[in-house]
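Residue numbers (my numbering): 29 to 311. Quick reminder that beta carbons are idealized off the backbone N, C-alpha and C, glycines included. One structure is given here, and the rest of the page talks about it.
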């Protein structure tokens, strides 16, 4: 496939990259040394990029994916959680708004594990394709964090009520095959073909009609309902913020991957590296 790199967009451009591939804007989260954990600036860059390409003037669709073994392990609390900071970031909400307001189809290409806010973020996309290595984990309840990013509303559109409760209350690690069987993924694609499949689907939908933007607005959840769901989601308890250096390590432990250390270092899935005692928090 031929691609054209876009101009740099903000300070987080090294971690959030975009290329137009066959008329589809492919946004890649590339912070592999932190398992693609996202910062506030990265989330702002994603929202800005989605809005830049989402009006249909320069792309027929949008694909969001991760680079390396992980889609994203969610927010990086070393960067985003400080004294008085909310555990649930408003920047995640703004990415969701940007995606739902797009006039073109949006596809999440889940190349690896998606944890917490990253897993929640995939729910607003028009379709979710996953590789065989894809997995989902919603660890909020297990680490004392409330549901966020309107995920209780968006998740209920994809899976039956009993699975909403199970995924959000029990925090199981959901494999790609299980995710497809319950409706969390629309298809499981061989890793090497995942991006091609996502681009082709976005192009197929994006060029299907001259009124695709109107059709998408009718098919998607109404933004007013999403805003109400976001408004009802409580701020994290002070105790959660106080325990910020423990929650991400616990979430990664539930997922069966190493925790993140305060100082960035290369961490690969499946290694036996032990997190430092002062491991960071958040999910």
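Cβ-based neighbour list, residue i, same chain, cut-off 7 angstroms, excluding 5 preceding and 5 following
| i | result |
| --- | --- |
| residue 232 | none |
| residue 205 | 216 |
| residue 87 | 48, 51, 52, 53, 81, 132 |
| residue 84 | 131, 132, 241 |
| residue 234 | 88, 89, 132, 133, 240 |
Terminal residues of the alpha helix (DSSP H) in which residue i lies
| i | result |
| --- | --- |
| residue 256 | 251-260 |
| residue 72 | 68-81 |
| residue 224 | 222-234 |
| residue 209 | 204-210 |
| residue 180 | 179-184 |
| residue 98 | First-last for residue 98: 98-100, but that is the beta strand (DSSP E), not the alpha helix (DSSP H). |
| residue 199 | Careful: residue 199 lies outside any alpha helix (DSSP H) and carries neither H nor E. |
Distance between beta carbons of residue j and residue i, contact taken as under 8 angstroms
| i | j | result |
| --- | --- | --- |
| residue 55 | residue 92 | 5 angstroms |
| residue 323 | residue 186 | In this structure the chain extends from 29 to 311, so residue 323 is not present and cannot be described. |
| residue 137 | residue 223 | 6 angstroms |
| residue 65 | residue 100 | 7 angstroms |
Beta-carbon contacts of residue i that lie in its chain and below 6 angstroms, excluding the five residues immediately before and after
| i | result |
| --- | --- |
| residue 154 | 133, 134 |
| residue 102 | 143, 144, 145, 146, 311 |
| residue 251 | 128 |
Beta-carbon spacing of residue i, residue j below 8 angstroms
| i | j | result |
| --- | --- | --- |
| residue 141 | residue 126 | no |
| residue 195 | residue 202 | yes |
| residue 257 | residue 90 | no |
| residue 94 | residue 139 | yes |
| residue 253 | residue 149 | no |
| residue 67 | residue 122 | no |
| residue 260 | residue 128 | no |
| residue 79 | residue 119 | no |
Residues near residue i in its chain [Cβ-Cβ closer than 8 angstroms; skip 5 each side]
| i | result |
| --- | --- |
| residue 70 | 40, 43, 44, 57, 59 |
| residue 192 | 180, 183, 184 |
| residue 237 | 243 |
| residue 165 | 141, 142, 143, 144, 147, 199, 200, 201, 202, 279, 282, 283 |
Residue i, enclosing beta strand (DSSP E) - first and last residue
| i | result |
| --- | --- |
| residue 164 | 163-165 |
| residue 92 | 89-94 |
| residue 157 | 155-159 |
| residue 214 | Here residue 214 belongs to no beta strand (DSSP E), and DSSP marks it neither H nor E. |
| residue 134 | 134-138 |
| residue 47 | 44-49 |
| residue 126 | First-last for residue 126: 118-128, but that is the alpha helix (DSSP H), not the beta strand (DSSP E). |
Cβ-based burial, residue i [other Cβ within 10 Å; buried from 16]
| i | result |
| --- | --- |
| residue 213 | buried |
| residue 158 | buried |
| residue 189 | exposed |
| residue 46 | buried |
| residue 179 | buried |
| residue 160 | exposed |
| residue 220 | exposed |
| residue 239 | exposed |
Neighbour flag for residue i against chain B, beta carbons, 8 angstroms
| i | result |
| --- | --- |
| residue 121 | Included in the structure is just one protein chain, with no chain B present. |
Residue i Cβ short of 7 angstroms to the ligand FAD heavy atom set
| i | result |
| --- | --- |
| residue 88 | Absent from the structure shown: the ligand FAD. Ligands present: none. |
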